[in-house]
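In this note's numbering, the protein residues as written are 1 to 233.
Read through the structure below, which is laid out as structure tokens, and then see the notes.
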């Protein structure tokens, strides 16, 4: 396959998948907050699957070229949460909703991917690509499903890192004290600088890729029953 065509296919596929994945993540945050009593995101038009409502230039570039990144944060006002739940608990649930939605979509995508790969025309398209560089609609869909799985996993894993402003920091906040909150608040500028250095240097690519690949392999193993059941269609 021509290198330029391969690069274009990879870029085009990632762009399409990102436009589908990031709204799911952010809408999940907004919906969780809404169910807990906070309608701030809903009022501001963020409880939507429209990718333009969640677009963040830097986060999108990271997703395109690093495989992990973020969208524009959903506004959450913990003071509006239902009094049946603590503000820390509400923030943790709202934060967890994003990565959890990506994990669930990755699992569903894996099931669809395994069924799709059972079709003879798809198997032929994949073999044709790796032997002669031929690309058709079946291979593009095959490639897109794979990207859908990996980008969802990457987004989930990255956002679970317990560093502000990522979701993991809000989840961690449920298990820590106000002293930890004070530390993060006092050192937020330094934390932001360290966070940007980590992103620019790409030191997270290896660890995230390692975890991502192992979860992908686990999902493959857990869905082995699909090709065993369906065979070649």
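Every residue, glycine too, gets a C-beta built ideally from N, C-alpha and C.
Legend entry - Status (buried if at least 16 other CB within 10 Å, exposed otherwise) for residue 231: On the chain shown, residue 231 is found 231 positions in, with the first residue counted as 1. When all chains shown are included, residue 231 counts as exposed.
Legend entry - When 224, 63 and 122 are compared against residue 10, the one with the closest alpha-carbon: In the chain shown, counting from the first residue as 1, residue 10 sits at position 10. Checking every option, the nearest Cα to that of residue 10 belongs to 63.
Legend entry - Check whether residue 107 and residue 216 have beta carbons under 8 angstroms apart: Your numbering for residue 107 matches position 107 in the chain shown. Your numbering for residue 216 matches position 216 in the chain shown. Cβ distance not < 8 angstroms, so residue 107 and residue 216 don't count as in contact.
Legend entry - Cβ-based burial, residue 82 [other Cβ within 10 Å; buried from 16]: The count along the chain shown starts at 1 and reaches residue 82 at position 82. By the 10 Å Cβ count, residue 82 comes out exposed.
Inset, instruction - Would you give the residue range spanned by the alpha helix (DSSP H) that residue 41 belongs to? - result: As a position in the chain shown, residue 41 is number 41, starting the count at 1. 40 to 43 is the span of the alpha helix (DSSP H), which, as asked, contains residue 41.
Inset, instruction - Could you pull the start and end residues of the alpha helix (DSSP H) that residue 170 belongs to? - result: Reading the chain shown from its first residue, position 170 is the one you call residue 170. Where residue 170 is concerned, the enclosing alpha helix (DSSP H) stretches over 167 to 173.
Inset, instruction - Please classify residue 185: is it buried, with 16 or more other beta-carbons within 10 angstroms of its beta-carbon, or exposed? - result: Position 185 of the chain shown, counted from the first residue, corresponds to residue 185. Exposed is the call here.
Legend entry - Top-ranked residue by Cα proximity to residue 53, from 61, 44 and 59: As a first step, residue 53 must be located in the chain shown, where it is residue number 53. That would be 44, whose Cα lies nearest to the Cα of residue 53.
Inset, instruction - With a 10 Å radius around its C-beta and 16 neighbouring C-beta atoms as the bar for buried, classify residue 152 as buried or exposed. - result: Counted from its first residue, the chain shown places residue 152 at position 152. With 16 or more other Cβ atoms within 10 Å, it is buried.
Legend entry - DSSP-derived helix/strand/coil call for residue 27: Sequence index remark: in the chain shown, residue 27 carries index 27 (1-based). Of the three classes helix, strand and coil, the one that applies to residue 27 here is helix, per DSSP.
Legend entry - C-beta contact flag for residue 166 and residue 112 at 8 angstroms: As a working mapping, residue 166 is identified with position 166 in the chain shown. As a working mapping, residue 112 is identified with position 112 in the chain shown. Going by beta carbons, residue 166 and residue 112 fall outside the 8 angstroms limit.
Legend entry - Neighbourhood of residue 109 by C-beta, 8 angstroms cutoff - its chain only, sequence neighbours within 5 removed: As a working mapping, residue 109 is identified with position 109 in the chain shown. Only 145, 148, 149 and 152 meet the Cβ criterion.
Inset, instruction - Between the Cα of residue 238 and those of 73, 88 and 71, spot the shortest distance and give me the residue it belongs to. - result: Since the first residue shown for the chain is 1 and the last is 233, residue 238 is missing from the structure and cannot be characterised.
Inset, instruction - Whole angstroms is fine: what's the gap from residue 229's alpha carbon to residue 101's? - result: Against the chain shown, residue 229 aligns to sequence position 229. Against the chain shown, residue 101 aligns to sequence position 101. Distance between the alpha carbons of residue 229 and residue 101 is about 28 angstroms.
Inset, instruction - Would you be able to state if there are at least three C-beta pairs under 8 angstroms between the segment 89 to 98 and the segment 31 to 46? - result: Yes, the segment 31 to 46 is in contact with the segment 89 to 98.
Legend entry - Among 24, 75, 158 and 114, the one whose alpha carbon lies nearest that of residue 42: Sequence index remark: in the chain shown, residue 42 carries index 42 (1-based). Minimum Cα distance to residue 42 is reached at 75.
Legend entry - Assumed close pair residue 143, residue 13 - CB separation to whole angstroms, cut-off 8 angstroms: Here residue 143 is taken as the residue at index 143 of the chain shown, counted from 1. Here residue 13 is taken as the residue at index 13 of the chain shown, counted from 1. 6 angstroms between Cβ atoms; contact.
Inset, instruction - Would you mind reading off the limits of the alpha helix (DSSP H) that contains residue 132? - result: Within the chain shown, numbered from 1, the residue matching residue 132 stands at position 132. Taken as a continuous stretch (DSSP letters only), the alpha helix (DSSP H) holding residue 132 covers 120 to 132.
Inset, instruction - Look at residue 141 and residue 116 and say whether their C-beta atoms are less than 8 angstroms apart. - result: Counted from its first residue, the chain shown places residue 141 at position 141. Counted from its first residue, the chain shown places residue 116 at position 116. In this structure, residue 116 lies closer than 8 angstroms to residue 141 by Cβ.
Inset, instruction - Kindly indicate which three-state DSSP category residue 153 falls into: helix, strand or coil? - result: Indexing the chain shown from 1 puts residue 153 at position 153. Three-state DSSP puts residue 153 in a helix.
Legend entry - Which listed residue (164, 17, 159 and 84) has its alpha carbon closest to that of residue 182: By 1-based counting over the chain shown, the position of residue 182 is 182. When only C-alpha atoms are compared, the closest one is 164.
Legend entry - Contact under 8 angstroms by Cβ, residue 138 with residue 122: Locating residue 138 in the chain shown gives position 138, where the first residue counts as 1. Locating residue 122 in the chain shown gives position 122, where the first residue counts as 1. Yes, the pair counts as a contact, with Cβ atoms nearer than the cut-off.
Legend entry - Limits of the unbroken alpha helix (DSSP H) element including residue 63: For the purposes of this step, residue 63 is identified with residue 63 of the chain shown, where counting begins at 1. Taken as a continuous stretch (DSSP letters only), the alpha helix (DSSP H) holding residue 63 covers 57 to 66.
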